[in-house]
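Read the structure below first, then the notes.
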Amino acid sequence: MALFLILLLPFFFLRTGSGYLTPAMPVLGLKASLPRAQLAWEYYGQAGHVPCWAGGGLVKKQLIMGDAPAVLVALAADGAVLWQEETFAPFKAISNGRQILLAADNGQVSEFSCEQGLLWSEATGWVTQALTLASEGEVAVAQGPVLENESNLLERVRLYSAQGELLAEHRLRNSSALCIVDTPGAWLVSSVILAQDQPRGQLLRLTASQTETQTLWHSEDMIHALVAGNQGVATAAGNKVHIVPLEGTAYDIQLKNTVLDLAWGPDEFLAVIQAGDSPLAPGYVALLTGSGDIIWQRRLRGPCRALAVRGDEVLTADNSTVYAYSIKGDINWCYESKAPLQGIYPLADKKEVVVTTVGKHLLLLEPPD
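Quick note on my numbering: the sequence shown kicks off at 1152 and runs consecutively.
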């Protein structure tokens, strides 16, 4: 028995580049024969430094939520530091890989070019609740709410050009924006209505050419995920997916568990991740047809942390592992992380994948050919 335990010891340790052994439990449930992505480089942010990808276009934007003042560090494709920006307050930031939008809780809103640094900045005096960037650098920020007339809550959504010109301001009363996405010629906002006894969700369409908002859909539950693509718009509210196709009538898809996130795939397929039966239970990733039929569903080894689709590959992650599934549901490759995973952001024009972890850590993965 003692000899057996001695023989097992190498499997519980990994040799690091510094030449000593550090404990690392083996990952159970993944075949050793599965292709693994290689680590191209990694960046550990020192205390108070938060890494942000600035090395080329992303399929899915990197969203950063900072609950304390920090230094935002823009990283190039090779891991080099391009520039740094101190926030001076808690902040939100989003990167599409070419531009970075930074909104601090002191009201300062700034846009940066990943290569050139600051493009424009404005002291708005309002706290930003939600924000996003379009592919060409146009900006949308939802700010507030503030008390109006001692009875109403007022929130505003401001639309800016890539040069910082204010194009339009939409005012929302007694509601709060949860997320914003860009579509050709318009912005979509999911918000929660606060004036009623039971909060309800709604989906709004905003444009820079007019200040009136168009309500596309009301939901009994809050809309916590929203995605737009060539196939149309999909939202997640509770365990219901609501789809507004570019042509035809809107319809709902009812799933078993709460839908955490969704992403359009090829041929009108929709990828979704669902919560488990409890907060710590393993989650699920599934690929659906446009009509809601489940093509395949896979159970992860922990709660789902992220979702992205690039081409014919569905990428997701639990606490410790990144998985890349084919359209048929097979694992193309995986990556096992030492730190708890937070986000996955595939590059748009290259095969690499940006990964972030809970501890201010950014990695660039190189998937196998």
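Idealized CB from N, CA, C, for every residue including glycine.
Values in this document were obtained by computation on a predicted structure and should not be read as measured data.
Under the rule that 16 or more other beta-carbon atoms within 10 Å means buried, what is residue i, buried or exposed?
i       : result
Ser1302 : exposed
His1369 : exposed
Gln1250 : buried
Gly1434 : buried
Leu1397 : exposed
Val1178 : Here the model assigns Val1178 a pLDDT of 46, short of 50, so the residue's position is not dependable and the matter cannot be decided.
Pro1296 : buried
Thr1362 : exposed
Lys1479 : exposed
Ala1274 : exposed
Leu1514 : buried
Lys1511 : buried
Tyr1486 : buried
Phe1263 : buried
Val1504 : buried
Leu1314 : The sequence shown places Gln at residue 1314, not Leu. So Gln1314 counts as exposed.
Gly1217 : buried
At the level of alpha carbons, what is the spacing between residue i and residue j?
i       : j       : result
Ser1471 : Leu1209 : 22 Å
Thr1334 : Arg1351 : 24 Å
Ala1457 : Leu1214 : 12 Å
Glu1316 : Gly1248 : 22 Å
Ala1388 : Glu1517 : 34 Å
Thr1364 : Ser1184 : 53 Å
Leu1284 : Ser1312 : 10 Å
Gly1427 : Asn1408 : 7 Å
Val1392 : Thr1386 : 6 Å
Asp1403 : Asn1390 : 10 Å
Ala1198 : Asp1463 : 38 Å
Val1260 : Glu1371 : 33 Å
Leu1451 : Val1436 : 7 Å
Ala1221 : Leu1190 : 26 Å
Ser1246 : Ala1401 : 31 Å
Leu1477 : Val1465 : Checking the sequence shown, residue 1477 turns out to be Ser, not Leu. Rounded to the nearest angstrom, the two C-alpha atoms are 6 Å apart.
Pro1519 : Val1292 : 38 Å
Cys1455 : Ile1424 : 7 Å
Ala1319 : Gly1399 : 30 Å
Asp1412 : Val1290 : 22 Å
His1321 : Val1308 : 5 Å
Leu1253 : Lys1243 : 6 Å
Thr1508 : Ala1475 : 17 Å
Are the C-beta atoms of residue i and some chain B residue less than 8 Å apart?
i       : result
Gly1315 : Structure shown: chain B not included; a single protein chain is present.
Under the assumption that residue i contacts residue j (Cβ atoms under 8 Å), give the Cβ distance between them as a whole number of angstroms.
i       : j       : result
Leu1421 : Trp1415 : 6 Å
Leu1377 : Cys1330 : 5 Å
Tyr1195 : Leu1226 : Not quite, the Cβ-Cβ distance comes to about 12 Å (not below 8 Å), so this is no contact.
* Cβ contact (3+ pairs, closer than 8 Å) linking the segment 1429-1447 and the segment 1486-1493 -> no
* Contiguous beta strand (DSSP E) assignments of at least 3 residues, all confined to the segment 1291-1356 -> 1303-1311, 1317-1324, 1326-1334, 1337-1344
* Asked: Given 8 Å as the limit, is there contact between the segment 1223-1243 and the segment 1263-1272, that is, 3 or more CB pairs closer than that?
  -> yes
* Asked: Which ranges would you report for the beta strand (DSSP E) in the segment 1380-1407 if only whole runs of at least 3 residues count?
  -> 1383-1388, 1391-1396, 1402-1405
* **Whole runs of the alpha helix (DSSP H) within the segment 1191-1220, excluding any shorter than 4 residues** => none
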